[in-house]
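Below: one structure, written as structure tokens.
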Amino acid sequence: MALKKDLSINYLGVKFENPFCLSSSPVGSDYDMCAKALEAGWGGIVFKTIGIFIADEVSPRFDIVNKEGHPFVGFKNLEQISDKSVEANLKCIEKIKKNFPHKPMIASVMGSSPEEWKQLAEMVTQAGADIIECNFSCPQMTSHTMGSDVGTNLELVREYSRATSQATKLPVIAKMTPNLTNIEGPALAAIEGGAKSISAINTVKSITSVDTDLFCSVPVVDGKSAIGGYSGAAIKPIALRFIANLAQYDKLKGVEISGIGGIETWRDAVEFLLLGARNLQVTTGIMQYGYRIVEDMISGVSHYMDEKGFNSLEDFIGKALTNLTGADNLNRDYKAPVKINAEACIGCGRCYISCYDAAHQAIDWDGEKRRPAVSDRCVGCHLCLNVCPVQGVILPGEIEFKEGRTKRPVTIKTKYE
Amino acid sequence: MSTVNKAPYLEEAVQPFTPRTAMEEAARCLLCHEPPCSDSCPAGTNPGKFIRSIRFRNVKGAAETIREANVLGGVCARVCPTDKLCEEACSRTGIDRPIEIGRLQRFVTDQEKIFGMEILKKGPAKNKKIACVGSGPVSLACAAALAAAGYQVVIYEQKPEPGGVLTYGIIPSRLPKEVVEQEIGRIKKLGVEFKLGAKIGRDLSLEALKSQFDAVFLGLGLWGGKLPALEGIDLKGVYSAVDYLSQAKDSGGRELAAERAVIIGGGDVAMDCASTAKQLGAKTTIVYRRTLEDAPANAAEVKFVQSLGVGFIFQFTPSKILGKDGKVCGFEAKGTDGESELRLKADQVIFAIGQAPEEILLSEKLELTDKKLIKINDENHSTSLKGVFAAGDAVNGGKTVVQAVAEGKTAAFAIMSYLTGEAK
Ligand SMILES: Cc1cc2nc3c(=O)[nH]c(=O)nc-3n(C[C@H](O)[C@H](O)[C@H](O)COP(=O)(O)OP(=O)(O)OC[C@H]3O[C@@H](n4cnc5c(N)ncnc54)[C@H](O)[C@@H]3O)c2cc1C
Ligand SMILES: Cc1cc2nc3c(=O)[nH]c(=O)nc-3n(C[C@H](O)[C@H](O)[C@H](O)COP(=O)(O)O)c2cc1C
Ligand code: SF4
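Chains as they are written, first to last, in this note's numbering: chain A, 67 to 483; chain B, 10 to 433.
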């Protein structure tokens, strides 16, 4: 029988059967969609942001970034918050709660004044939501009292968080923007205002491409375009960085984190958990592949836990944080020069080109035999290892200590896929 | 000059994927809605789902999907005519070429072994015993499904080794012996007992079996080699395909070396005979009565045989086998055009013109069809004898391994409902 571990987790005092939630976006914007998602196995839903302001959307509204044979590694959107009436959205939340009472419902809201935040908080509480998420972070709103500008303004974040928290008994999450240099400040302001948790990240401000015939960036809306939010696999590295920043910030000790940004596989999910997130949200992965991706997330995390002997997510949440330190704290006493398996090498020479043009000219090329050989100029940067197209041909070799440094055991990565 | 493939007899010919190349191939998959590949697997192996699991980095989950649907998932990965099943249905064909589903399935089942996964579990013990006669794919699938549901199963096999055609037919370069042993090992772990060298109808009667067991399943296959009534058919060096292949597999090929072999037939079995003969060192020619287009053999197999340098002669039917001192020394055939004539030097002539049921009467009351196949009720695999069920080649006249797996599973469920009294 397929292995299934207990993936349940308590987030903000609410029990989730697994940490996987839809993030606020079109993927969770009406009853049938939410019902299908929950039936597919998602642990909970962050409903599409509800506002007093009702969006009037453009067409088209998306663009994608491709890399060689891989389409859709990054995704840009120009969408705003819900384009449905508050009443319709509240009805939908009520119906979902009624038919799926054990699946937590997080209502995402956005106001443009403390009064609106209060009003929205009261309404979604009334409708039966379990948690409220304040959207401080949509980068394509048309007013600076709403959207990601709010998320960079400590005063507004504090004030809106307070207005929301005071109007409800439910725990409140503040959803942060990555469009700033430092996320800790606004996060702290949200907690000071009464929020209980931080979710991050919303989309990254971007221009994904420019149509070179129309002289207009994409998507082209009647010959014009705008800066829009970037999401999907491409932003995972940025999201992970912000999650770790939040988790490591002393003044936010004990504040629960929800991780968002580029999650598609169980492996992405585990990475967010290892850096301290205890709830996970997904949009672009679903937009691209559908709700079904949760099946492999559940199964994959279960197998991972089985391999590692973990019985609960709590056993490994934050486990990679102690090993994340300042660049000034890294061991600079050794190098791990590569070794090349000449037998398995197929002779493409890519390692030679990269090492010569971008590293330390440490690979000699036998043009006759079409084979590379590593010389003692290798500094162990591992550029070639990352460039090599054949699995396992270039791997770290013996550790060498620099002149005069004390030898000691070191931990390096040896498994590459 | 053209290159000839020198693939050795005992080595698997198709290269495996590495985790990276498997991911590259899985990334070609379009992840279709209601995947047509999954719809076209008789055994429900669900490639749409397991490839999606590879794509989303969950190889162990992929292994569970395969193994739970198909106990012979590793065998099928290698021998299924995928070009006529899942890969034929693949939507990617509309862009360029289908996903290599069989090879991905092999990758996953290989990884399953590397990880030491034990996916199938024995169910809570039930106090009922079933005998399965034969240990080919159909019996293996039936026995595994029954054992997984907690029933006690004993397999009776006339040959010294289990596996049926997997062990005594399909050539090692397509299906290495270790793979068959591993799959059977998993079934043994489920608690299925194997009694080898026990021929029902000779060593033990069907009646005796019936009295010792709560139900009996017949998965006898087709082990009567067909030989045409030709002059010279009794000469030494003339074989039926099943005899030839099982002798070759038995001896690792050592006892069958010949100088010139002629294979008659155009199906997969003929191709297996041809590659065997060629790999064992004979100058090999296939003679087939129809055209290449009409030949029922799998395209991949024909290509493999051609790559070995085997010659093909089409539209000739055998007329006479020539002999000297009781041994084959030549072969003659007539063109289907009524004029052409063919005469080849040969010291081996192998007929791969279909298999027939073995002439063995298990019971006078066991109803057969006019083709001597076992007659069943299509709905529940029951035979004319109460408590006796049948499926596989001996019923369907000879299809595929994956078809046998599918039938074995449905037969197992039919037996379960019989035993729980849900059916008559
Ligand atoms: C040479 C060859 C190549 C093939 N290649 C392919 C291929 O590439 N792909 C594919 O999908 N299919 C292939 N097939 C077809 C496929 O192998 C069969 O459809 C499949 O094996 C049928 O399974 P089975 O269990 O019904 O019969 P078998 O595999 O024939 O098993 C029947 C078993 O029952 C035993 N038995 C019979 N009578 C008795 C008795 N009285 N007492 C005890 N034991 C008994 C036999 O010894 C045998 O082990 C091939 C067949 C042959 C002959
Ligand atoms: C089309 C689209 C619409 C979105 N709408 C909202 C929204 O209404 N409210 C919100 O908080 N985030 C919204 N987001 C942001 C996502 O919830 C999420 O934070 C972001 O896309 C990063 O996660 P991902 O990489 O899994 O998509 C939207 C994203 C997309 C792509
Ligand atoms: S995804 Fe649906 S709504 Fe959007 S353009 Fe295509 S058909 Fe229209």
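Yeah, the Cβ is synthetic: ideal placement off N, Cα and C, and Gly gets one too.
Here the structure is a predicted model, which means the values were calculated and not measured.
Select from the options the residue whose C-alpha is nearest the C-alpha of residue i.
i               : options                        : result
E416 of chain B : B:L301, B:I196, B:M32, B:N389  : B:N389
L501 of chain A : B:S349, B:I60, B:A267, B:G70   : It is not possible to answer for residue 501 of chain A, since the shown part of chain A is limited to 67 through 483.
K150 of chain A : A:I130, A:M171, A:S178, A:A121 : A:A121
S11 of chain B  : B:Q315, B:P327, B:A266, B:A413 : B:Q315
P28 of chain B  : B:F59, B:L40, B:R66            : B:R66
A365 of chain B : B:T378, B:P44, B:A355          : B:T378
L390 of chain A : A:N84, A:A195, A:Y315          : A:Y315
I326 of chain A : A:A410, A:Y400, A:A300         : A:A300
G332 of chain B : B:A309, B:V271, B:L244         : B:L244
A193 of chain A : A:F202, A:K163, A:S203, A:K235 : A:K163
V189 of chain B : B:G401, B:L382, B:P17, B:E21   : B:E21
S49 of chain B  : B:P90, B:E77, B:F26            : B:P90
A335 of chain A : A:Q354, A:Q457, A:F382         : A:F382
In the DSSP output, which residue or residues are listed as bridge partners for residue i?
i               : result
H136 of chain A : A:K133
G463 of chain A : Bridge partners of G463 of chain A: none, in fact.
P327 of chain B : B:A342
D425 of chain B : Sequence check: residue 425 of chain B is Met here, not Asp. According to DSSP, M425 of chain B bridges with nothing at all.
K241 of chain A : A:N201, A:S265
K138 of chain B : B:Q161
A365 of chain B : B:G233
C87 of chain A  : A:G110, A:Q347
S283 of chain A : A:V276
V271 of chain B : B:T294, B:V358
N386 of chain B : B:S391
I want to see whether chain B comes within less than 7 Å of residue i, judged by CB atoms only; does it?
i               : result
E466 of chain A : no
A253 of chain A : no
E483 of chain A : yes
D277 of chain A : no
T331 of chain A : yes
Q347 of chain A : no
L366 of chain A : According to the sequence provided, residue 366 of chain A is Gly. The question's Leu does not apply to it. Output row for G366 of chain A: interface = yes.
H448 of chain A : no
A256 of chain A : no
A292 of chain A : no
D288 of chain A : no
D362 of chain A : yes
Q457 of chain A : yes
So with Cβ pairs under 7 Å, would you call residue i a contact of chain A?
i               : result
E461 of chain B : Since the first residue shown for chain B is 10 and the last is 433, residue 461 of chain B is missing from the structure and cannot be characterised.
R87 of chain B  : no
K5 of chain B   : The question about residue 5 of chain B has no answer here: the residues shown for chain B are numbered 10 through 433.
T378 of chain B : no
K433 of chain B : Low local confidence applies: a pLDDT of 45 at K433 of chain B is under 50, so the model's placement there is unreliable, and no value is given.
R29 of chain B  : yes
S426 of chain B : no
Mapping the DSSP letters down to three states, classify residue i as helix, strand or coil.
i               : result
A52 of chain B  : coil
I147 of chain A : coil
P28 of chain B  : helix
K433 of chain B : Summary for K433 of chain B: the model assigns pLDDT 45, below 50, so the residue's position carries little reliability; its value from the coordinates is reported in the next sentence. Three-state result, K433 of chain B: coil.
L396 of chain A : coil
T350 of chain A : helix
A343 of chain A : coil
E434 of chain A : coil
Y165 of chain B : strand
S365 of chain A : helix
M212 of chain A : coil
L205 of chain B : strand
V321 of chain A : coil
Q221 of chain B : helix
S249 of chain B : strand
N485 of chain A : Examination of residue 485 of chain A is not possible in this model, given that chain A is present from 67 through 483 alone.
T74 of chain B  : helix
Can you pull the chain E residues whose beta carbon is under 8 Å from the beta carbon of residue i, in chain order?
i              : result
E77 of chain B : You won't find chain E in this structure, because its protein chains are A and B.
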